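Q: Quick one: the structure is below, and I'll ask about it shortly.
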Ligand code: 9MR
């Protein structure tokens, strides 16, 4: 008789901390399977029987769960054996997440614009000259892709610096905001972690936290995107018109142009006039760099993060903190004056990050400003917002309310204690809903969605952040176990047996969509450095040519391939690596 095919056994390919929950998944039908945990030398450590979950829509498989949490003896090269099949090797060890946390943070140095990435810090393979070293950009003027005429502006701004967003070289204020917030929130939680010298950065030796140094690089850029006082601009300044028939819902048309007082607003982005080809290392970008029109959302991203800056640099660099506070308050006033200036998706050359609902950005900015200043205006804006009492969900670049609620729940601020307690309960309630979702999918992760969105790995990790905060608030072990489950998934406990992080695990990410880390296209270019997260499975907006061939043919958790061209499944991005960093640092430190 023919040998039966090996059973896929999937687990976290880097391993587990001794005290943590330890789960593996085996795809193997409906009769409970016996498993054996063995040492590197083949000696049996423990055996047991898997629990049948049954058919599962997310993975499209019949799965069984193996729980070996009781095994706490440190060791390297453990494996699970089920019906003759062997899992990848893994470790049980204290500190298993520490290198991942550092590398996930180092990603941001690699993404820096305007400065050389130095060989002495990253090694020769990843070194490169500065990209866009003197970026003095004018405003887009003329017709966009849909024929809408934009007037441009009478100035150029020096917007050198900041992080490239992703595999492309756009620098977006919407998205820069949530990524920076996430790093700063990690700093606020544990200011002594990632002290000076813990990372390899050009700022080493300045006696400032390396995490704060990296965050400042983006903050300084966001500040440069703010428009000077007294500048008037012609922008679409009303509710967006609905999309034309047959167009996707986000393809709204801008409403009529009006002249506004744009002082204090932030430009949506600075980016290439046309999409550059793959690969294009940043220093070789031949395209003109342009500022795109200011938007209310970008302005509120600036207000929120600059308010956070004003709080966190107080005492460390008072002058910088003061500059941030001025910028934050100017941005807030500008957004209040111009509450309906929406981004459009109608420019080529860069992503849109267009968001037709900025009520959550208003709430987030008000929350940060309230935590920083205690002023009545911000308290009223917070308490009057529908987001103040709403259920929390995982944040994302277009839905930032949760960021504001986290800040208000975890800082001393001017809200009454009963309200702060209620927000804390809302974090725990969200975590409880995510925990319940573990029962709703075979791989047992705290995430259920009928379709997996673009960047699904970040949706999961942003849930893990809330679960971590619920653990901080309650000390209940179940929340840490769910954070571990989320990280397990990202590091291999998934139907593809794939580690979505470069440099980590037996089958790591190797070919992300990136214009410099593109060794599959040009052997002279490097692959990704360690600690970079792929966006992950996308079953709902499969828009690149690779994804198009897979449409309708994959279960949500399998709609992914490690292909440099697959930008809707396999790109990297600052707002995705930020929660990878946050969660890895949390797991390491708690
Ligand atoms: O993360 C963004 C995702 O939510 C959107 O669906 C997608 C399409 O608009 O764009 C993603 O963001 C991309 C951005 O527009 C340009 N830089 C790369 C980002 C990650 O793919």
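In the working numbering, the protein residues as written are 140 to 729.
Glycine included, every Cβ here is placed at the ideal spot set by N, Cα and C.
Quantities reported herein were computed from a predicted structural model and do not represent experimental measurements.
1) When you compare each of 435, 434, 461 and 437 to residue 447 by their alpha carbons, which one comes out closest?
2) State yes or no: is the C-beta of residue 552 within less than 8 Å of the C-beta of residue 509?
3) Would you kindly report the start and end of the unbroken beta strand (DSSP E) that includes residue 278?
4) From residue 403 to residue 622, what does the alpha carbon distance come to, in whole angstroms?
5) Between residue 370 and residue 470, what straight-line distance do the alpha-carbon atoms span, to the nearest angstrom?
6) Rounded to whole angstroms, how far is the Cβ of residue 674 from the Cβ of residue 580, which I believe are closer than 8 Å?
7) Closest Cβ-Cβ distance between residue 431 and chain D: below 8 Å?
8) Taking just the CA atoms, how far does residue 511 sit from residue 464?
9) Check for me: the beta strand (DSSP E) holding residue 192 runs from which residue to which?
10) Taking the alpha-carbon of residue 445 as reference, which of 482, 405 and 416 has the nearest alpha-carbon?
11) Answer with buried or exposed for residue 331, where buried requires no fewer than 16 other C-beta atoms within 10 angstroms of its C-beta.
12) With a threshold of 8 Å, are at least 3 pairs of Cβ atoms found where one atom belongs to the region 683 to 692 and the other to the region 619 to 638?
13) Taking residue 413 as the reference, give the member of 350, 362, 486 and 422 with the closest Cα.
14) Please state whether DSSP places residue 538 in a helix, a strand or coil.
15) Provide the residue(s) that pair with residue 529 in DSSP beta bridges, ordered along the chain.
16) Do the region 412 to 427 and the region 392 to 399 make contact, defined as three or more Cβ pairs closer than 8 Å?
17) Can you tell me whether residue 170 is buried or exposed, with buried defined as 16 or more other CB within 10 angstroms of its CB?
18) Please state if the CB of residue 652 and the CB of residue 306 are separated by a distance shorter than 8 Å.
19) Measure from the alpha carbon of residue 291 to the alpha carbon of each residue in 372, 539 and 342, then state which is nearest.
20) Residue 480 and residue 587: beta carbons closer than 8 Å?
21) For residue 334, collect the residues of the same chain with a Cβ closer than 8 Å to its Cβ; drop the 5 residues on either side in sequence, then sort them by chain order.
22) In the DSSP assignment, find the beta strand (DSSP E) that holds residue 204 and state where it starts and stops.
23) Put residue 231 into one of helix, strand or coil per three-state DSSP.
24) If you measure from the CB of residue 536, is any heavy atom of ligand 1 nearer than 7 Å?
25) Got a sec: does ligand 1 put a non-hydrogen atom nearer than 7 Å to the Cβ of residue 461?
26) With a CB to CB cut of under 8 Å and the five nearest residues on each side skipped, what residues in its chain are close to residue 424?
27) Is the separation between the beta-carbon of residue 548 and that of residue 524 shorter than 8 Å?
28) Could you please give the first and the last residue of the uninterrupted beta strand (DSSP E) stretch that includes residue 162?
29) Give me the residue from 438, 453 and 484 with the minimum Cα distance to residue 466.
30) Which value, in whole angstroms, describes the spacing of the CA atoms of residue 519 and residue 591?
31) Which full runs of the beta strand (DSSP E) of 3+ residues lie inside the region 632 to 709, going along the chain?
32) Which one or two residues does DSSP pair with residue 217 in a beta bridge?
33) Taking the alpha carbon of residue 755 as the point to measure from, which residue in 377, 275, 354 and 385 has its own alpha carbon closest?
34) Can you tell me whether residue 618 is helix, strand or coil according to DSSP?
35) Under a Cβ-count criterion, where at least 16 other Cβ atoms within 10 Å of its own Cβ denotes burial, should residue 494 be classed as buried or exposed?
36) Just checking residue 674 against ligand 1 - is the residue's beta carbon closer than 7 Å to any of the ligand's heavy atoms?
A: So, from the listed chains and residues:
1) 461
2) yes
3) The continuous beta strand (DSSP E) containing residue 278 extends over residues 275 to 278.
4) 39 Å
5) Computed Cα separation, rounded: 14 Å.
6) Between residue 580 and residue 674 the Cβ distance is about 19 Å, and since that is not below 8 Å, they are no contact.
7) Of the protein chains in this structure there is only one, and it is not chain D.
8) Just so you know, the alpha carbons of residue 464 and residue 511 end up roughly 9 Å apart.
9) 190 to 195
10) 405
11) exposed
12) no
13) 486
14) Three-state result, residue 538: strand.
15) Bridge partners of residue 529: none, in fact.
16) no
17) exposed
18) yes
19) 372
20) no
21) 348 and 349
22) 200 to 206
23) Correct three-state label for residue 231: strand.
24) yes
25) no
26) 270, 271, 308, 411 and 415
27) no
28) 162 to 166
29) It is 438.
30) 37 Å
31) none
32) 229
33) The chain is shown only over 140 to 729; residue 755 falls outside these bounds and no answer can be derived.
34) helix
35) buried
36) Yes - ligand 1 has a heavy atom lying nearer than 7 Å to the Cβ of residue 674.
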